[in-house]
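Q:
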Amino acid sequence: MGAAMIRLRLPHCGIHVILIAGSAVMLAPFAWQFLTSVKSLNEATQVPPTLWPTQWIWTNYSDVFIHIPYAMMYLNTVLYAIIRTAGQLLFCSAAAYAFARLRFPGRGLIFAVCLSALMIPPELFILSQYQIMKGLGWLNTLQALFTPTIFSAFGTFLLRQFFVSLPIDVEEAARLDGCGPFQIYWRVMLPLAKPGLVALGILTVIAAWSDLLWPLIVNTQPQKMTLAVGLATLQGEFTVNYPVIMAAALIATAPLVLVFLFMHRRVVEGIAMSGSKG
Amino acid sequence: MNTHSGLAAGRSRSPRSFSARKVMSIRQGEIMWGYILIAPTVIGLGVFYLWPVVQTLYISMTKQGPFGGSSWVGISNFERLATPEFGQSLLNTLGYTAIVVFLGVPVATVLAAMLSTTKLRFRVFYRAAFFIPVITLPAAIGVLWRWIYNTDYGILNQILRFFGLNGSSWISDPNIALYSIAMVGVWMTVGYNIVIIAAGIQEVPAWYHEAAMLDGAGAVRRFFSITLSAISPTLFFVTVLAMIKALQVFDIVYLMVGDTSPAFDRVKPIVYYFYQSGFIENDKGFAAAVAIVLFILIASLTGVQFWIQKKWVQR
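Residue numbers (the working numbering), protein chains in the order written: chain A, 471 to 748; chain B, 15 to 329.
1. Could you tell me which of A196/B, I185/B, V61/B and Q319/B sits nearest to G109/B, measuring between CA atoms?
2. For I553/A and L559/A, what's the separation of their Cα atoms in angstroms?
3. Given M475/A, which residues of its chain have a CB within under 8 Å of its CB, disregarding the five upstream and five downstream residues?
4. Could you list which residues in chain A have their beta carbon closer than 8 Å to that of G178/B, in chain order?
5. Would you kindly work out how many angstroms separate the C-alpha atoms of P188/B and F278/B, rounded to a whole number?
6. Of the choices A256/B, A212/B and V304/B, whose alpha-carbon is the least far from that of T316/B?
7. Quick one, are the C-beta atoms of A153/B and A702/A less than 8 Å apart?
8. Alpha carbon to alpha carbon, how far is A127/B from W321/B? Give it in angstroms, no decimals.
9. In this structure, does DSSP put T111/B in helix, strand or coil?
10. What span of residues does the beta strand (DSSP E) with K77/B cover, start to end?
11. So is A719/A in contact with chain B if we call contact Cβ pairs under 8 Å?
12. Cα separation between P523/A and A498/A?
13. Since F288/B meets chain A, which of its residues come closer than 8 Å, beta carbon to beta carbon?
14. Below 8 Å on the Cβ atoms is my guess for F62/B versus F574/A; work out the distance and round it to an integer in Å.
15. Looking only at its own chain, which residues have a Cβ that is under 7 Å from the Cβ of Q599/A, when we skip the five neighbours before and after it?
16. For a cutoff of 8 Å on Cβ pairs, would you count Y63/B as touching chain A?
17. If you reduce the DSSP assignment to three classes, tell me which class S194/B lands in.
18. At the level of alpha carbons, what is the spacing between M471/A and H486/A?
19. Looking at I210/B and S130/B, is the spacing between their C-beta atoms short of 8 Å?
20. Measuring alpha carbon to alpha carbon, tell me which of D639/A, S563/A, W608/A and L615/A ends up nearest L667/A.
21. How about I328/B: is its C-beta nearer than 8 Å to some C-beta of chain A?
22. Determine the closest residue to T76/B out of E93/B, T55/B, V198/B and V121/B, with distance taken between C-alpha atoms.
23. Can you check the region 475-560 of chain A for any beta strand (DSSP E) of at least 3 residues that lies completely inside it and give the ranges in chain order?
24. Cβ of V198/B within 8 Å of Cβ of I266/B?
25. E641/A: buried (16+ other C-beta within 10 angstroms of its C-beta) or exposed?
26. Check for me: the beta strand (DSSP E) holding W86/B runs from which residue to which?
27. Enumerated in chain order, which unbroken segments of the alpha helix (DSSP H) with a length of 4 residues or greater are wholly contained in the region 571-635 of chain A?
28. Measure the alpha-carbon distance for W528/A versus V675/A and round it to whole angstroms.
29. Quick one, which residues of the region 37-48 of chain B are near chain A if we go by CB-CB under 9 Å, in chain order?
30. Q705/A CB to nearest chain B CB: under 8 Å?
31. Between the alpha carbons of S85/B and V68/B, how many angstroms are there, rounded?
32. Measuring alpha carbon to alpha carbon, tell me which of N610/A, T611/A and T626/A ends up nearest L588/A.
33. By the DSSP assignment, the alpha helix (DSSP H) with E93/B in it spans what residues?
34. For C483/A, count the other beta carbons within 10 Å of its own beta carbon; 16 or more makes it buried, fewer makes it exposed. Which is it?
35. Please confirm if G292/B has its CB atom under 8 Å from at least one CB of chain A.
36. Could you pull the start and end residues of the alpha helix (DSSP H) that A96/B belongs to?
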């Protein structure tokens, strides 16, 4: 009996060895990053290295805010993520519902044209988007960050697929109760589409938080930068102070990781859904 | 007749008594709301995505002056692309992409299959560990790995020295920098690929495996003969997606290798070239030509993928 148990467990044992090694490769860099972030510059550049800091220099974290306007960059990033996500959820869901359920002339053609935006790499529209922002006098503003990005062909497509898969009975019932198209969309379908909205919301927050090229191009004043661009600037000006740069990177990373740890299942399901439907 | 049913519709909410006029107005309401609901997205996509593509095609045929003037130069921007420098950045991009796709996707597939083992303990922990780089901003990942790869103080060389090995200048040696960066590319995308592939594995009917187990097939055998062919559509999707993203690599290279590094020319990807010519050297016409070439590259490689998939994807 005991031998049989061990034999059954054995393959799992091999799997665990590989997965633990893999997890270590994924997590150790972050642990090393954290340990560096609380060392003095001397200790961080000492050969051979110390693993555990002899002295915990927490001021590296506050130093980040002295060297660059990191608090402003933080605020910019949070606002950018919130407005871009809220805008996409609203506009994409509205269009997605109409494309999925309302019948109007030209629907298929208009949808196909919108979908074509999915296949275009950003470099192909960034130049022109930049010129639009410049023409509006919006360079170095918050609205330059979010204006183009509150519209999304991907989000519209993802939510449309979601609406199409919802049962039509509820909608019919609401229609017989005298609800108009807008009420059905707003009161009936949006609540039903919550898993799809959550998935799109998560993906959009991650995208906004990570975005580098667009913010780098439109907002070049430190006060208007996002965290990703701030990190690049810090790295460029300040290459040798590794502990402070590591602290800055961790401060920028922390919120999304915390959100992920609390909403782990939703995030993973959201990504999986975008994979199977997008 | 019309009046009669109109009255009936007024009194009762039964669907049968809707008048023709009422039906018409409901239909018009549907059409009207359809246009209203799609309007923001259609206008937004048109103004900020589709029209800019046309605009970029035009820009690529012009020379843009610094103060807004432009002159027609035909295809000379494209002719200027025939340089060793652009050829090198094309090679860099393709090399990076090849590693991220052909190493990254198989690694993710094996890990996803392991993570899908029934009754596996600590599954949630493992999945979270692999996923954390996916939610970390690439700029922070670049900063982190630049430090790990540091020739003098980086932990990687310190570990190698501990085992009596010589370290390397991972990201400043022109001959290996691209590989070092591509490894980070694999590291940061593996979690995303795992999630998509694991979702595909979930959909493989359990009786496939049960039947094979009755025939005495072990886990490895079942992975190759059942799982791989059953998830081939998912693998195709992941491969195409990973390839399209890798061809547009920019962030981690921008953060990991400075433009003064000796390895810079050997790692500079096309999007960096685009950024540099368009926004640092302010040569927008040339940058537009770079963007168009990148689009053609992405489109044709995706096309090739779709053509090859007929040979290996099981439907």
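Even glycine gets a Cβ: it sits at the ideal position worked out from N, Cα and C.
A: Looking at the coordinates:
1. Restricting attention to A196/B, I185/B, V61/B and Q319/B, the CA atom closest to the CA of G109/B is found in A196/B.
2. Cα-Cα distance, rounded: 10 Å.
3. Note that M475/A scores a pLDDT of 45, beneath 50, so its modelled location is shaky; the value from the coordinates is reported in the next line. Hits under 8 Å: none found.
4. The contacting residues do not exist; G178/B stays about 13 Å from chain A at best.
5. If you take the alpha carbons of P188/B and F278/B, they lie about 7 Å apart.
6. If we check each option's Cα against that of T316/B, A256/B comes out closest.
7. Yes, these two residues count as a Cβ contact at 8 Å.
8. W321/B and A127/B: Cα-Cα distance of roughly 27 Å.
9. Looking at T111/B - three-state DSSP - the assignment turns out to be helix.
10. Residues T76 to Q78.
11. Answer yes: the Cβ-Cβ gap between A719/A and chain B drops below 8 Å somewhere.
12. Approximately 16 Å, taken between the alpha carbons.
13. Going along chain A in sequence order, the residues near F288/B (Cβ under 8 Å) are E593.
14. Between the beta-carbon of F62/B and that of F574/A there is about 23 Å, and that puts the pair past the 8 Å contact cut.
15. Correct list, in chain order: P618.
16. Closer than 8 Å to some Cβ of chain A, the Cβ of Y63/B qualifies, so yes.
17. DSSP, reduced to helix, strand and coil, places S194/B within a helical segment of the structure shown.
18. With a pLDDT of 40 at M471/A, under the threshold of 50, the modelled position of this residue cannot be trusted, and the question is left open.
19. No. Outside cutoff.
20. Taking L667/A as reference, the option from D639/A, S563/A, W608/A and L615/A with the minimal CA-CA separation is S563/A.
21. As written in the sequence, residue 328/B is Gln, which differs from the Ile given in the question. Output row for Q328/B: interface = no.
22. The option with the nearest alpha carbon to T76/B is E93/B.
23. Complete beta strand (DSSP E) runs here, min 3: none at all.
24. Yes, they are a contact pair.
25. By the neighbour-count criterion, in which 16 or more other beta carbons inside 10 Å mark a residue as buried, E641/A falls on the buried side.
26. DSSP places W86/B inside the beta strand (DSSP E), whose first and last residues are S84 to W86.
27. The alpha helix (DSSP H) runs of length 4 or more contained entirely in the region 571-635 of chain A are, from start to end of the chain, 577-586, 593-605, 612-616 and 623-635.
28. Straight through space, the alpha carbons of V675/A and W528/A are spaced by roughly 29 Å.
29. Of all residues in the region 37-48 of chain B, I40, R41, G43, E44, I45, M46, W47 and G48 have a Cβ within less than 9 Å of some Cβ in chain A.
30. It does: the Cβ of Q705/A has a partner Cβ on chain B nearer than 8 Å.
31. Taking the straight line joining both Cα atoms gives about 17 Å.
32. Comparing Cα-Cα distances from L588/A to each of N610/A, T611/A and T626/A, the minimum goes to T626/A.
33. Run containing E93/B: S90 to E93, per the alpha helix (DSSP H) assignment.
34. With fewer than 16 other Cβ atoms inside 10 Å of its own Cβ, C483/A counts as exposed.
35. Taking Cβ atoms only, chain A reaches closer than 8 Å to G292/B, which makes this a yes.
36. Taken as a continuous stretch (DSSP letters only), A96/B belongs to no alpha helix (DSSP H), as it is neither H nor E.
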